[in-house]
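Student: For reference, the structure I am asking about is given below.
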Amino acid sequence: MKLSANDGDGLGDKRKATLNLFFKASRGRLRSIEEKSVPSTPDVISADTQGHVILEGYKPQPIRKFRNRGFESQLLNRTHGFSSHTGQQMLATPASDPRAETAGYYSRSTDVHQCTAYTGSGNTIPFSLTSCHKAPVTVIGDEQGYVRFFNTSDGGDSHASKVDTSIKVHDNAIMAVDFSDDDLRLASACGDRSGKILDVATQTVAAELSGGHCDSLRQISFQKGQANGTTLASSDRAGRIQVWDLRCSPMPVNCFSTISHGKKLAHRDTQLEPISAKTVNTIDNCHERTVNGSTSSASVTTIQWLPAGREHLLLSSSEADATIKLWDTRYIKPRRQLTETPLAMTQLPPSHTWRTYGTTSMALSADAARLYAVCKDSTVYAYSTAHLILGHAPALEDNAVKRKPNGAQGLGPLYGLRHEMFHAHSFYVKCAMRPVRTAGGSEVLAVGSSDFCAVLFPTDERYLRATSAATSHILPEGAAGHGSFSSSFSASTPFGSVPQGLPIYQAGTPLIRGHSREVTTMSWSYDGKLVTASDDCVVRQWQQDAAAARHLRTVGEFGGERHMAGWANVAADWDVDEE
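What follows is the structure, encoded as structure tokens:
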């Protein structure tokens with residue numbers, strides 16, 4: 001085929017225009033077409049204009065890394081030996097779906113106790129729960145001042161009552177209860193400003209904690225370690241914490257039931273009158289609030305002893321804000337100083353700059369490395385106990401000598417846990433940590449909710465990393481417009497705002513259909529069963545059985561098998577059979 005001279009010139013002009021455009025673009029001197037027209041054919045200009053329009057609204061989607069594609073990819077990488085590489089420690093112990101820890105919980109219609117009133121008609125609200133460390137028994141403290149012993153074992157008649165024993169301890173609502181480490185003593189805190197210690201073996205009151213508080217009690221807790229049921233702390237609505245030591249009071253022989261070295265139980269002498277316990281330390285105004293320049297004490301809503309070796313350290317938080325204070329109960333304040341000084345206090349979460357939210361409950365992990373605090377902003381914040389004091393912190397070492405407290409600054413929360421069915425609308429919403437000795441050593445945090453359910457959060461941080469990695473390739477909303485990733489990660493935040501700079505994870509599993517009012521307090525039994533209490537006057541037991549929980553989720557309403565039952569609510573894909 002032959003070309004005419006005119007055709008050749010046209011082809012040459014097009015080639016020249018293309019080359020000019022290329023060299024100018026490669027040297028960074030290309031101007032917009034509107035400012036300077038480039039001699040080219042209409043086809044070249046049209047193509048460049050279309051490309052410019054596409055780039056202006058283009059949102060790049062990052063490619064998902066293979067190692068972030070779930071449990072299967074992590075196992076494959078570990079099989080290939082890649083888990084030993086630097087920066088790949090997560091792959092050495094790959095984490096499956098966190099629902100594996102929580103999806104198996106369910107409750108039957110026979111796992112329920114209705115708290116009917118012992119005096120008068122109607123029902124009474126259960127305010128507090130605590131479980132034995134070595135027996136299938138959970139104690140319920142109710143509104144009328146009774147403690148009920150709830151049996152969590154599976155044996156016996158399924159139609160028999162779950163509560164076979166009840167004792168009148170107070171004349172007012174029991175706000176908190178706690179067992180000693182040997183389960184022989186039960187401490188109770190009441191709304192009438194008094195506390196008592198019950199001898200469990202004889203079911204009689206052995207000691208009274210009176211005269212130490214000026215307002216209704218909120219919490220009570222036995223000290224861990226060598227105290228062995230003789231030292232405990234209580235807090236009240238007036239901002240005071242009292243530390244009690246039964247050894248400082250004159251006690252007759254057989255005042256409490258004891259276990260000898262031969263494992264024989266020596267019962268308490270029931271003819272003895274209850275002893276009057278004495279306080280050994282007082283922390284006044286340990287938390288305060290300031291409103292319009294006026295400062296007042298705040299209710300101490302939660303206290304938590306550190307484990308053995310550091311049992312002299314006490315954590316506290318209040319309704320005023322999310323600050324957690326660390327106290328050395330051996331040294332509250334120096335001489336000639338009026339105000340009490342904590343060892344340290346944590347920073348507020350980043351989202352609490354303009355408005356503060358109080359803390360409702362706290363729980364420690366088994367190794368005391370993590371502290372979990374339930375906040376009124378419907379978030380569970382996780383703290384590192386090693387960073388409650390920044391810098392050199394000899395006070396946090398085991399068996400540390402007492403030092404002068406100076407109110408050191410501690411680190412804020414590491415991350416937060418949320419769920420769309422977890423809301424803390426009142427200070428009665430509590431949390432409890434599943435004992436590490438159950439369920440293969442895995443810990444699960446159970447939290448109450450104003451949405452009529454309890455929510456289970458697996459606390460193994462492998463699950464959090466896996467959740468973060470699974471969505472790390474997704475650009476946050478609005479990030480594509482300015483070409484940068486968000487400084488904070490949120491796996492999913494269907495409600496509320498995400499605190500800037502603080503990771504928020506959504507990995508909880510709600511236990512639904514078990515209650516019809518706010519779920520307030522809960523306790524884990526020694527063998528891994530969960531007991532929950534609600535404002536609907538119902539106390540319910542939950543246990544693990546993957547097949548039974550799956551059956552309740554899939555059976556439907558026809559036939560009545562779901563009547564008065566509850567189960568863990570997970571997505572439908574969890575119950576799909578693998579082909």
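Residue numbers (full-length UniProt numbering): 1 to 579.
For every residue, glycine included, the Cβ atom is placed at its ideal position computed from N, Cα and C.
When DSSP labels each residue in this structure, what does residue 263 get in the three-state scheme?
Tutor: Of the three classes helix, strand and coil, the one that applies to residue 263 here is coil, per DSSP.
Student: Can you give me the start and stop residues for the beta strand (DSSP E) that residue 530 sits inside?
Tutor: 530–534
Student: Tell me the DSSP bridge mates of residue 113?
Tutor: 539
Student: By DSSP, does residue 231 sit in helix, in strand, or in coil?
Tutor: strand
Student: Mapping DSSP to helix, strand and coil, what is residue 354?
Tutor: coil
Student: Cα-Cα, which of 258, 388, 176 and 382 is closest to residue 429?
Tutor: 176
Student: Shortest alpha-carbon distance to residue 283 belongs to which of 294, 174 and 339?
Tutor: 339
Student: What residue range does the alpha helix (DSSP H) around residue 554 cover?
Tutor: 546–554
Student: Is the CB-CB distance between residue 285 and residue 239 below 7 Å?
Tutor: Yes, the Cβ-Cβ distance between residue 285 and residue 239 is below 7 Å.
Student: Got a sec? Which residues, its chain only, sit under 6 Å from residue 115 by beta carbon, not counting five neighbours each side?
Tutor: 123, 124, 126, 142 and 537
Student: I'd like to check one pair, residue 178 with residue 222: are the Cβ atoms closer than 7 Å?
Tutor: yes
Student: To the nearest angstrom, how far is it from the Cα of residue 582 to the Cα of residue 514?
Tutor: In the structure as shown, the chain starts at 1 and stops at 579, and residue 582 therefore has no counterpart that could be examined.
Student: Between which residues of its own chain and residue 344 is the CB-CB distance below 6 Å, once the five residues before and five after are set aside?
Tutor: 326, 388, 389, 408 and 410
Student: Please name the residue, chosen from 225, 296, 235 and 170, that lies closest to residue 205 on a Cα-to-Cα basis.
Tutor: 170
Student: Specify the secondary structure class of residue 383 as computed by DSSP and reduced to three states.
Tutor: strand
Student: Under the rule that 16 or more other beta-carbon atoms within 10 Å means buried, what is residue 563, buried or exposed?
Tutor: exposed
Student: Measure the alpha-carbon distance for residue 186 versus residue 400 and round it to whole angstroms.
Tutor: Each residue's CA atom was taken as its position, placing residue 186 and residue 400 some 29 Å apart.
Student: With distances taken between CB atoms, is the gap from residue 349 to residue 322 smaller than 7 Å?
Tutor: yes
Student: Relative to the C-alpha of residue 566, which candidate in 573, 531, 435 and 99 has its C-alpha closest?
Tutor: 531
Student: DSSP on residue 325, reduced to helix/strand/coil?
Tutor: strand
Student: Which residues in the same chain have their Cβ closer than 7 Å to the Cβ of residue 427, if we skip the five residues on either side of it in sequence?
Tutor: 301, 319, 358 and 360
Student: Hey, quick one: how far does the beta strand (DSSP E) through residue 129 stretch, first residue to last?
Tutor: 126–131
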